[in-house]
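If you count by my numbering, then the sequence shown holds residues 724 to 907, one letter each, in order. Glycine is no exception: its CB is placed at the ideal position from the N, C-alpha and C atoms.
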Amino acid sequence: MLKGDKVGLRARHDDDIPILQSELYDDVVTQARANGRPWHPITPGSKDSQFAVDDKERGHAPFSVVDLDSGTLIGSAVLWGIDDHNRTAHIGLGLLPSARGKGYGTDVVAVLCHYGFVVRGLHRLQIETLPDNDAMLRSAEHNGFVREGVLRSAAWVMGEFVDEVLLGLLAEEWKPAPKNRTGA
Ligand SMILES: CC(C)(COP(=O)(O)OP(=O)(O)OC[C@H]1O[C@@H](n2cnc3c(N)ncnc32)[C@H](O)[C@@H]1OP(=O)(O)O)[C@@H](O)C(=O)NCCC(=O)NCCS
């Protein structure tokens, strides 16, 4: 498990999937805003769930997020589009509604930076989000991500094209938290 100050990032367990599916995926509006793909209903137990894991997929590192003190599942996090030639990847995360606004998101981004830069040896991490997703923007900026530009009308979200903000962080700019994050 990778550990931050408040969160642990561990492998996905089978019994995480129905919770993530109902609390994250089945919230159509949040899902449409957070994920560039069109929402459609997924049958419970389906292997087509975005939370189902293919351990052979090397370009995609999915985690379940747990509260470090209690071990309770609080969300999902991923390093996706891992490109070992250009040494880049993208960050994605979603917390259960009851876990939002408590500082977990900022800590999840910190742990994903540790995973990307230290464990995977990447050079650049990137986040795309909507301009009004203040919690995501601030979680990224608290970890040193800078706004690099706006992708105009890049996302179709619930009936309209909206802009996306592109944020990036380079390995040499990253300032890790002083404590060590350990694997176990
Ligand atoms: C985006 C998300 C991961 C952020 O995690 P979080 O735990 O809620 O964020 P934090 O509690 O760490 O807060 C980060 C900052 O955003 C602020 N913030 C939190 N919720 C906010 C809200 N609803 N509106 C405005 N600011 C907010 C916090 O005050 C904090 O800033 P501060 O430290 O300067 O005060 C989480 O809200 C979430 O899962 N949202 C739904 C899915 C989603 O949007 N995923 C990202 C898709 S790109």
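CB-CB length for residue i against residue j, believed under 8 angstroms
i	j	result
Tyr838	Leu743	The Cβ separation is near 19 angstroms, so there is no contact.
Met881	Val752	6 angstroms
Leu893	His846	7 angstroms
Limits of the alpha helix (DSSP H) - the one that residue i falls within
i	result
Tyr828	The sequence shown places Gly at residue 828, rather than the Tyr named in the question. Taken as a continuous stretch (DSSP letters only), the alpha helix (DSSP H) holding Gly828 covers Tyr827 to Cys836.
His865	Asp857 to His865
Buried versus exposed, by CB contacts within 10 Å (16 or more), residue i
i	result
Gly782	exposed
Ser799	buried
Phe884	exposed
Ala812	buried
Leu874	exposed
Val888	buried
Val869	exposed
N-terminal and C-terminal residue of the beta strand (DSSP E) that residue i is part of
i	result
Pro741	From DSSP, Pro741 is part of no beta strand (DSSP E) but of the alpha helix (DSSP H) over Ile740 to Leu743.
Arg847	Arg847 to Thr852
Glu896	Glu896 -> no beta strand (DSSP E), and no H or E assigned at all.
Thr753	Per DSSP, Thr753 belongs to no beta strand (DSSP E); it is in the alpha helix (DSSP H), Val751 to Ala757.
Phe786	His783 to Asp790
Glu871	Val869 to Val880
When the options are compared against residue i, the one with the closest alpha-carbon
i	options	result
Gly731	Phe840, Ala833 and Leu890	Ala833
Gly828	Asn866, Gly794 and Val841	Asn866
Ala757	Leu892, Ala878 and Pro764	Ala878
Arg823	Glu746, Ile740 and Phe840	Glu746
Arg733	Gln754, Pro761, Arg760 and Val776	Val776
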